[in-house]
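Asks: Submitted below is the structure of interest, expressed as structure tokens.
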Amino acid sequence: MNFIFCPSCAGELTSVALEEIITEDNSDSREVFNGTNKKQEEIITEVNNDSSEVFNKTNKKTYPSNVLHRNSSDVLNRINNISAVIGPIPHFRRNTTFTKILTKHSSPFYLPDRKQDVDNVDIKKGLLVCGECGHWYPVSNFVPELLPDHLRDWEKDVKFLSEFSESLPKKLYKKLVKIVKSFRRESNKIIDEAQDYKKAEISIKDKITDEDFFEPGYSSPFNEDDPEFTQNLIKRFSLVLPLLELKEHQTVLDVGSGYSWTTEWLLKMGFEPIGVDICRTYIDIGIERMGDIRPHLIVADVENLPIKDTCLDSILCYDSFHHVPNRESAMAHFFRALREDGLVALAEPGKEHEQAQVSMEVMEKYGILEKGIETEDIKAYCEELNFMPPEQYFMLKIHQREQGKVLTPKFIKSHSLVECNIFVIRKNSEEKEGGN
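Residue 1041 in our numbering is what sits at position 436 of the sequence shown, and the numbering runs on without skipping anything.
Structure (structure tokens):
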């Protein structure tokens, strides 16, 4: 999770684990390993009770090598045995009270120079705490929830925090509880004209009366009751996939991942996908479907994207960006998070989408935004950013006798093999004159 930051202040986040697992170095599937030996458990207790000493520069105390060094044959599982923050310790910009508390209670198991250990740790349930502003965020079923304050369900989050009352250092727990009131108070001052749209997406589960509404997510993208729909999903994905121009192990952000089948497929292809969606319900269904396959998934608002600068090679918006209200803001975050020469590939419905009967019914019933995207829209969203002019791609079914005809919008629409617009916008590696 070293690619995320606090959505409130962009500060570093430290992990507090209530339940976590350590995975094998070379394992493709992440499993919970049972049965730690007694000697190792005794070491854990000893180290956790004395963790602050490790970070004293004058302290010469060392720990057994089997604690700090592990290989695939020495897999240690620690569940419900963590009473401290796990690291590595972030490099905070300011020396705050939280910095001192978090540093004092950080576990020595994952020192900054032990990167291989950090990479093999999965937090199943815990908190992410910002050492700079004190914001904290839940991690549940391996998924961090990084929504901005005005979109959080504070009642649910406070209840989640209460589960840490016995395992966290008392001083840290009391401080986390105390500052919630100020966060909630300040969240009322946040102006977000699209707040209603976003909350409608977040709480979609509360509006559903059809018990089969979410059923497709458990087999997505496959739907035996609607093979045509399945074919269209896969066909669109196969068209946009090469446009991402990804190489092995490169990082791609899957925007509005929903049931996350696209994220799952990207992972299986050898890429490093990060699925992000504002709605926890969709992600949970995807997790249940995927089983042991677990790509990076986060709950977040793409208009307040908590992804660090220049860490993404590509960004995929697959049938999702037309739900985003403030697209200029989202694009600005995309630009910031992309590496030099990175790109955004979009497969989205056109302007006729919002006029379709089914779209109007969805907007009226659920309050979710349904607004299509055309070339001129893309240009407007990127106007203030250093993106290159958008490219639009078509896949047409043309008879031999039609070759050489002028590609008018009417001709393209009548001959298109996919019911969506496909765009690519590339980050310009050359700086604008007089600025970035």
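For every residue, glycine included, the Cβ atom is placed at its ideal position computed from N, Cα and C.
Roughly how many whole angstroms lie between the Cα atoms of N1026 and H1004?
Replies: The count along the sequence shown starts at 1 and reaches residue 1026 at position 421. The count along the sequence shown starts at 1 and reaches residue 1004 at position 399. The alpha-carbon atoms of N1026 and H1004 are separated by roughly 22 Å.
Asks: I want to know whether the region 809-826 touches the region 912-927 - three or more CB-CB distances under 8 Å.
Replies: Cβ pair count under 8 Å is below three, so no.
Asks: Alpha carbon to alpha carbon, how far is G731 from C614? Give it in angstroms, no decimals.
Replies: The count along the sequence shown starts at 1 and reaches residue 614 at position 9. The count along the sequence shown starts at 1 and reaches residue 731 at position 126. Those two C-alpha atoms are separated by around 20 Å.
Asks: Return the CA-CA distance between H740 and I795, expressed in angstroms with no decimal places.
Replies: Looking up residue 740 in the sequence shown gives position 135. Looking up residue 795 in the sequence shown gives position 190. Roughly 16 Å separates the two Cα atoms.
Asks: Taking Cβ to Cβ, would you say F939 is nearer than 8 Å to G861?
Replies: By 1-based counting over the sequence shown, the position of residue 939 is 334. By 1-based counting over the sequence shown, the position of residue 861 is 256. Not a contact, by the Cβ cut-off of 8 Å.
Asks: Could you tell me which whole alpha helix (DSSP H) segments of length 4 or greater appear in the region 882-957?
Replies: Listed in chain order, the complete alpha helix (DSSP H) runs (minimum 4 residues) inside the region 882-957 are 885-895, 932-942.
Asks: Considering Cα atoms alone, identify which of M993, F992, Q997, G616 is closest to L951.
Replies: Taking the first residue of the sequence shown as position 1, residue 951 is located at position 346. Of the candidates M993, F992, Q997, G616, the one whose C-alpha sits nearest the C-alpha of L951 is Q997.
Asks: Helix, strand or coil for R683, going by three-state DSSP, please let me know.
Replies: Locating residue 683 in the sequence shown gives position 78, counting from the first residue. Confidence is the limiting factor: at R683 the pLDDT is only 25, short of 50, which leaves the residue's position unreliable, though a coordinate-based value still follows. R683: coil per DSSP, three-state reduction.
Asks: Mark K803 as exposed unless 16 or more other C-beta atoms lie within 10 angstroms of its C-beta, in which case mark it buried.
Replies: Position 198 of the sequence shown, counting from 1, holds the residue named residue 803. With 16 or more other Cβ atoms within 10 Å, it is buried.
Asks: Pull up the DSSP beta-bridge partners for P743, would you.
Replies: Position 138 of the sequence shown, counted from the first residue, corresponds to residue 743. DSSP output for P743 lists L732 as bridge partner(s).
Asks: Excluding five sequence neighbours on each side, which residues of the same chain lie with their C-beta closer than 6 Å to the C-beta of F788?
Replies: Position 183 of the sequence shown, counted from the start, is the residue given in the question as residue 788. Taken in chain order, the residues that qualify are D754.
Asks: Where P847 and N837 are concerned, what is the direct C-alpha to C-alpha distance, given to the nearest angstrom?
Replies: As a working mapping, residue 847 is identified with position 242 in the sequence shown. As a working mapping, residue 837 is identified with position 232 in the sequence shown. Their Cα atoms are separated by approximately 17 Å.
Asks: For F1028, does the count of other Cβ atoms within 10 angstroms reach 16, so buried, or fall short, so exposed?
Replies: If you number the sequence shown from 1, residue 1028 lands on position 423. With 16 or more Cβ atoms within 10 Å of its Cβ, F1028 is classed as buried.
Asks: Curious, which full-length beta strand (DSSP E) runs of at least 3 residues does the region 959-1040 contain?
Replies: Taking only runs of at least 3 residues, the beta strand (DSSP E) segments lying wholly in the region 959-1040 are 996-998, 1026-1031.
Asks: Residues in the same chain with beta-carbon distance under 8 Å from W870, minus the five sequence neighbours each way, listed in chain order, please.
Replies: For the purposes of this step, residue 870 is identified with residue 265 of the sequence shown, where counting begins at 1. Once the five neighbours on either side are set aside, the close Cβ partners of W870 are F842.
Asks: Could you compute how far the alpha carbon of E988 sits from the alpha carbon of D830?
Replies: Mapped onto the sequence shown, residue 988 falls at position 383. Mapped onto the sequence shown, residue 830 falls at position 225. Taking the straight line joining both Cα atoms gives about 43 Å.
Asks: Measure the C-alpha to C-alpha separation of R1031 and K786 and round it to an integer number of angstroms.
Replies: Translated into positions along the sequence shown, residue 1031 becomes position 426. Translated into positions along the sequence shown, residue 786 becomes position 181. Each residue's alpha carbon lies about 42 Å from the other.
Asks: Once the 5 residues before and after I890 are set aside, which same chain residues still bring their CB inside 7 Å of it?
Replies: Against the sequence shown, residue 890 aligns to sequence position 285. Within the same chain, I890 has close Cβ partners F819, G822, Y823, Y864.
Asks: List the DSSP bridge partners of E750.
Replies: Your numbering for residue 750 matches position 145 in the sequence shown. BP columns for E750 point to V904.
Asks: Terminal residues of the continuous beta strand (DSSP E) containing D859?
Replies: Along the sequence shown, read from residue 1 onward, the residue named residue 859 stands at position 254. Run containing D859: 856-860, per the beta strand (DSSP E) assignment.
Asks: How about the region 894-907 and the region 869-883: do they share at least three Cβ pairs that are nearer than 8 Å?
Replies: With a cut-off of 8 Å, the region 869-883 and the region 894-907 count as touching, because enough Cβ pairs lie within range.
Asks: Classify T598 as helix, strand or coil using the three-state DSSP reduction.
Replies: Residue 598 lies beyond the range of the chain shown here (606 to 1041); nothing can be said about it.
Asks: Specify, as a first and last residue, the run of the alpha helix (DSSP H) that A805 falls within.
Replies: Along the sequence shown, read from residue 1 onward, the residue named residue 805 stands at position 200. A805 -> alpha helix (DSSP H) spans 800-807.
Asks: Which residue from L1022, I1017, A805 puts its Cα closest to that of E969?
Replies: Here residue 969 refers to the residue found at position 364 of the sequence shown. Comparing Cα-Cα distances from E969 to each of L1022, I1017, A805, the minimum goes to A805.
Asks: Reducing DSSP to helix, strand and coil, say where S772 ends up.
Replies: Start at 1 with the first residue of the sequence shown, and residue 772 comes out as number 167. Correct three-state label for S772: coil.
Asks: Name the DSSP beta bridge partners of G880, please?
Replies: Sequence index remark: in the sequence shown, residue 880 carries index 275 (1-based). D859, L902, per the DSSP bridge assignment.
Asks: Grouping DSSP H, G and I as helix and E and B as strand, with all else coil, what is G822?
Replies: Translated into the one-based positions of the sequence shown, residue 822 becomes position 217. Correct three-state label for G822: helix.
Asks: With DSSP as the reference, identify every bridge partner of V845, one or two as the case may be.
Replies: Mapped onto the sequence shown, residue 845 falls at position 240. Beta-bridge pairing links V845 to no other residue.
Asks: Taking the C-alpha atoms as reference points, what is the distance between I807 and V904?
Replies: Numbered from 1 along the sequence shown, position 202 holds the residue referred to as residue 807. Numbered from 1 along the sequence shown, position 299 holds the residue referred to as residue 904. Their backbone Cα atoms lie some 10 Å apart in a straight line.
Asks: Using the Cβ count rule (16 or more neighbours within 10 Å means buried), how would you classify E908?
Replies: Taking the first residue of the sequence shown as 1, we reach residue 908 at position 303. With 16 or more Cβ atoms within 10 Å of its Cβ, E908 is classed as buried.
Asks: Along the chain, where does the alpha helix (DSSP H) containing T868 start, and where does it finish?
Replies: Here residue 868 refers to the residue found at position 263 of the sequence shown. Element bounds for T868: 866-873.
Asks: State the beta-bridge partners of I609 as determined by DSSP.
Replies: Residue mapping note: residue 609 aligns to position 4 of the sequence shown, counting from 1. Beta-bridge pairing links I609 to I912.
Asks: Can you give the Cα-Cα distance for P1014 and E966, rounded to whole angstroms?
Replies: Numbered from 1 along the sequence shown, position 409 holds the residue referred to as residue 1014. Numbered from 1 along the sequence shown, position 361 holds the residue referred to as residue 966. So the alpha carbons of these two residues sit roughly 27 Å apart.
Asks: Spatial neighbours of G1059 within its chain, please: CB distance less than 7 Å, with the 5 preceding and 5 following residues excluded, ordered by chain position.
Replies: This structure leaves residue 1059 out entirely; the chain is present only between 606 and 1041.
Asks: Specify the secondary structure class of D762 as computed by DSSP and reduced to three states.
Replies: Your numbering for residue 762 matches position 157 in the sequence shown. Helix.
Asks: What span of residues does the alpha helix (DSSP H) with F788 cover, start to end?
Replies: Your numbering for residue 788 matches position 183 in the sequence shown. First-last of the alpha helix (DSSP H) with F788: 785-792.
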